[in-house]
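As structure tokens, the structure follows; a few thoughts come after it.
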Amino acid sequence: RIRTPTVAQEKTGRQSSVPPWVFASFLAMPDGVGGGCLAHSNTSNVPIDLNSSDFSAWIASQECTDSLAEALEMANSRIREYVKKKLDLEKALKERGAKKEHHEEEQVAQGEESPESPKKGVGENIRSIIQEIEQGKIDGIQLTRKNITQGEAKALAEAMVANAKKSTIKTIELYGNEFGNEGVMAFSEVIANENSAVEELDLGRCGMTDLGAFALAEALKKNETVKELNINGNGGITARGIGAIAKALGTNSCITKLDVSSCVLDRDGVSLLAQGLKTNTALKDIDLRFNEQMGNGAAEMACALKQNRSLEVFDLSYNDINDDIVNEIALALQENKETALMMIDLSGNNITDAGAERLVQALNESKNQTILDINLRGCSVSSCSDKRVR
Numbered sequence: 152r153i154r155t156p157t158v159a160q161e162k163t164g165r166q167s168s169v170p171p172w173v174f175a176s177f178l179a180m181p182d183g184v185g186g187g188c189l190a191h192s193n194t195s196n197v198p199i200d201l202n203s204s205d206f207s208a209w210i211a212s213q214e215c216t217d218s219l220a221e222a223l224e225m226a227n228s229r230i231r232e233y234v235k236k237k238l239d240l241e242k243a244l245k246e247r248g249a250k251k252e253h254h255e256e257e258q259v260a261q262g263e264e265s266p267e268s269p270k271k272g273v274g275e276n277i278r279s280i281i282q283e284i285e286q287g288k289i290d291g292i293q294l295t296r297k298n299i300t301q302g303e304a305k306a307l308a309e310a311m312v313a314n315a316k317k318s319t320i321k322t323i324e325l326y327g328n329e330f331g332n333e334g335v336m337a338f339s340e341v342i343a344n345e346n347s348a349v350e351e352l353d354l355g356r357c358g359m360t361d362l363g364a365f366a367l368a369e370a371l372k373k374n375e376t377v378k379e380l381n382i383n384g385n386g387g388i389t390a391r392g393i394g395a396i397a398k399a400l401g402t403n404s405c406i407t408k409l410d411v412s413s414c415v416l417d418r419d420g421v422s423l424l425a426q427g428l429k430t431n432t433a434l435k436d437i438d439l440r441f442n443e444q445m446g447n448g449a450a451e452m453a454c455a456l457k458q459n460r461s462l463e464v465f466d467l468s469y470n471d472i473n474d475d476i477v478n479e480i481a482l483a484l485q486e487n488k489e490t491a492l493m494m495i496d497l498s499g500n501n502i503t504d505a506g507a508e509r510l511v512q513a514l515n516e517s518k519n520q521t522i523l524d525i526n527l528r529g530c531s532v533s534s535c536s537d538k539r540v541r
């Protein structure tokens, strides 16, 4: 019978003396790698009774020890292959999901509507909302993905400004409405008003470019109420627009949560945000997911962590980050003894076991007590010695 060389044979060049039925017997054992996988399969190729005295004697021999060692090596090799395939599959699925989300963003940016989107603006609904604003009977506007027109956006904003003194509106959710810069400028006037009570402003995927970003930045310099700002999915904002917002953040003492994910931020834009982060004392949560073009800007953002004392949640997932960037984050954890960081999300990046262990080393050497979770899911990390790094 011709036998297929095992891993051990390929390494040593010798022919295995292990009979094929040994491996079948090993897999048939309930405690073995197979977990008794032959219990429901054909065992006619096993030449002896596994319960016989001959088998018991063979179990105690050196031949058995050598044979099982070789069987274990084969099993370990198969397990490693399985784990690698599993990780590769998970990574491919993550990338496919990210590409799908990016494709959907492009569709929205090009004005393509989903089946759920209305074909026209909100119309009569807008007029009823304006009446409630005028009567001071509304404390929030939730119009996510309603295809609000530019004119409707301006009408809403103008009503809020005109009735600011009696307004109790704290949330404005306008995600996914392509009203462009004119609409952004109108809502910037809302939060710039000294009587504004708005605490949450969502202008994600609204077609904002630098012009809108400039108006928003100026409003943020005056505003003292907005705590959460979402501008994600606005790929038309360049480094100039982000720079203006970053400069406003440098002095803003209200915003605690900022979402700039999927904004196609490049290195210059992220670098300017990092400068703002160094001096900002209020921001607790920043979301930078899916900005793969940031390049080494991620390193500058990591360096900002050495000085920042307020940030608690730092999301850099799916940004093509490698172990070099991770080293900068580790240095920040070591050097900043007053960091407030609790969660760092680095999932979906090009980080290996070496990067993971570097983070563990930083946590141990700094005796960090604030970090609860460093997320490395979807990275090329097989294991880690600290349960906080996973």
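Here the sequence shown is numbered in my numbering, starting from 152 and rising by one per residue. C-beta atoms are modelled at their ideal positions from N, C-alpha and C, and glycine is treated no differently.
query	result
Status (buried if at least 16 other CB within 10 Å, exposed otherwise) for Ser279	exposed
Test item: CB-CB of Ile388 and Asp361 under 8 Å	yes
Residue(s) in a DSSP beta bridge with Phe465	Ile437, Ile495
Candidates Gly427, Thr300, Gly291, Asp417, of which the one nearest Lys372 by Cα	Gly427
Distance, Tyr326 Cα to Cys357 Cα	7 Å
Per-residue DSSP class, three states only, for Lys457	coil
Among Asn298, Met311, Lys305, nearest to Gly291 - alpha-carbon criterion	Met311
Cβ-Cβ distance between Asn470 and Asn487 below 8 Å	no
Inter-residue CB distance, Glu351 and Glu379 (contact presumed, cutoff 8 Å)	4 Å
Coarse secondary structure for Lys408, derived from DSSP in three states	strand
Member of Gly386, Ser413, Asn431 whose CA lies at the smallest distance from the CA of Gly401	Asn431
Rounded separation between Ile284 and Lys305 - CA only	14 Å
Which listed residue (Ser461, Asp410, Thr376, Lys398) has its alpha carbon closest to that of Asn385	Asp410
Asn328 burial status per 10 Å Cβ neighbour count (16 or more: buried)	buried
Local Cβ density within 10 Å of Glu489, reported as buried at 16 or more and exposed below that	exposed
Enclosing alpha helix (DSSP H) for Asn332 [first to last residue]	331-343
Buried or exposed (CB count within 10 angstroms, at least 16 for buried), Gly529	buried
Status (buried if at least 16 other CB within 10 Å, exposed otherwise) for Asn381	buried
Test item: CB-CB of Leu456 and Leu497 under 8 Å	no
Identified DSSP bridge partners for Val540	Ile525
Alpha-carbon spacing of Gly164 relative to Ala211, whole angstroms	Only weak support is given to the placement of Gly164: the predicted model assigns it a pLDDT of 44, under 50, and the value that follows is read from those uncertain coordinates. Roughly 27 Å between the two C-alpha positions.
Three-state secondary structure (DSSP) of Glu221	helix
Unbroken alpha helix (DSSP H) run spanning Gln426, endpoints	418-430
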